[in-house]
Amino acid sequence: MRPSALCRGLLLGVLLSLLLPGGASFPREAQALELWVTSPWLGLMARFIGGAHATVHSMRVWGVDGRLVGGSRPQPRGLVVALDPREAAELGISAGRPNLRCLYRSLPFRGAMRQEIFFDPAALPFVGQRLLIVLAKADQEHYAYFQRRLAEFQSRMESTLEVGRQLLQDTELLDLAGLSGAWIRAAIPKAVRPPEALWKKWESGGDPVSLRASLDRAESRGWLILLDPWTPGPVREAAAGRKRVVHLPVPRNDQEMFLFYYDLYLTLWNTLRGGAAPTPVPK
Numbered sequence: 001m002r003p004s005a006l007c008r009g010l011l012l013g014v015l016l017s018l019l020l021p022g023g024a025s026f027p028r029e030a031q032a033l034e035l036w037v038t039s040p041w042l043g044l045m046a047r048f049i050g051g052a053h054a055t056v057h058s059m060r061v062w063g064v065d066g067r068l069v070g071g072s073r074p075q076p077r078g079l080v081v082a083l084d085p086r087e088a089a090e091l092g093i094s095a096g097r098p099n100l101r102c103l104y105r106s107l108p109f110r111g112a113m114r115q116e117i118f119f120d121p122a123a124l125p126f127v128g129q130r131l132l133i134v135l136a137k138a139d140q141e142h143y144a145y146f147q148r149r150l151a152e153f154q155s156r157m158e159s160t161l162e163v164g165r166q167l168l169q170d171t172e173l174l175d176l177a178g179l180s181g182a183w184i185r186a187a188i189p190k191a192v193r194p195p196e197a198l199w200k201k202w203e204s205g206g207d208p209v210s211l212r213a214s215l216d217r218a219e220s221r222g223w224l225i226l227l228d229p230w231t232p233g234p235v236r237e238a239a240a241g242r243k244r245v246v247h248l249p250v251p252r253n254d255q256e257m258f259l260f261y262y263d264l265y266l267t268l269w270n271t272l273r274g275g276a277a278p279t280p281v282p283k
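Quick note on numbering: the sequence shown equals residues 1 to 283 in UniProt numbering.
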């Protein structure tokens, strides 16, 4: 089935927005705010919202397997931006450091689960608002600019989600993603996610019988089986060799944020349509 005219129009709008000024790259001003962020996710957001008035360095970057590895070390100038003091402490940064700015006092997530917030469409605008506050306090002269960039961020997020819904709304899928499931489920109402208590067993290698049964059921019904770079090893091993398994891509450190989110939907579309993409995407 070919995508509808509305879907094609949405796709064209997203692609044009990525190519227009204010998109993925900006000329840097001599006095741009210097930021050192504690994760590449924060780096993507800070580059988008900070735009021409921020130079962003990530203290951690994605390795080839999607895990976080060392990046830039902070300098005395500029600001260090972290989700919360615990994340800063993971990188040896004291909560008392004068140039440290934390978006939250404390988050209830630990380790890799902290990255899940960046796949949650309900949470992303709030993270963006807190980042706006940090930027505006550090550079009050450009508050209106940062505010416009945040509005553009929210608009781009909604348009990318709408593209996903148009492409994938009738898709049936077993969600075995480690982190990215919330972004996929926002576009696919029929996606099925295991209950949290059962998922915790599976990720540690427990209850393999129910895991195999779930995979058998999904495979017999012709569902897609979704894995991402953060799917736990025991789950990944159990899904190996199954039909219609989809492996979502590892983020690229140089990729524009919404091109990455779009690529997640495009990966699913390509699997459903035998590799025929709805429209070419500039890289």
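Yeah, the Cβ is synthetic: ideal placement off N, Cα and C, and Gly gets one too.
Cβ-Cβ separation between V127 and L150: approximately 10 Å, too far for a contact (criterion under 8 Å). Within the segment 64 to 94, the runs of alpha helix (DSSP H) that reach at least 4 residues and sit entirely inside it are, in chain order, 85 to 90. Between the beta-carbon of F258 and that of A182 there is about 16 Å, and that puts the pair past the 8 Å contact cut. Per DSSP, the beta bridge partners of L224 are L173. With at least 16 other beta carbons inside 10 angstroms of its own, A177 counts as buried. Contact between W36 and H57 holds, with the beta-carbon distance rounding to 5 Å and staying under 8 Å. Under the three-state reduction of DSSP output, V250 falls in the coil class, being neither helix nor strand. Counting only runs that start and end inside the segment 180 to 240, the alpha helix (DSSP H) elements of at least 4 residues fall at 181 to 185, 196 to 203, 208 to 220, 233 to 239. Note on A112: under 16 other CB atoms within 10 angstroms of its CB, so exposed under the neighbour-count rule. Around the beta carbon of P85, a 10 Å sphere encloses 16 or more other beta carbons of the protein chains shown; the residue is thus reported as buried.
For the 8 Å CB-CB criterion, L79 and T38 do not form a contact.
According to the DSSP secondary-structure assignment, A54 is paired through a beta bridge with L33. Shown here, L268 sits in a helix according to DSSP, grouped into three states.
Contact between the segment 224 to 238 and the segment 207 to 216 is present: three or more C-beta pairs spanning the two stretches fall below 8 Å.
If the five residues before and after S204 are omitted, its C-beta is found closer than 6 Å to no C-beta atom of its own chain.
Annotation for R130: the continuous alpha helix (DSSP H) segment containing it runs 124 to 138.
For E256 and R156, the gap between their C-alpha atoms comes out near 12 Å.
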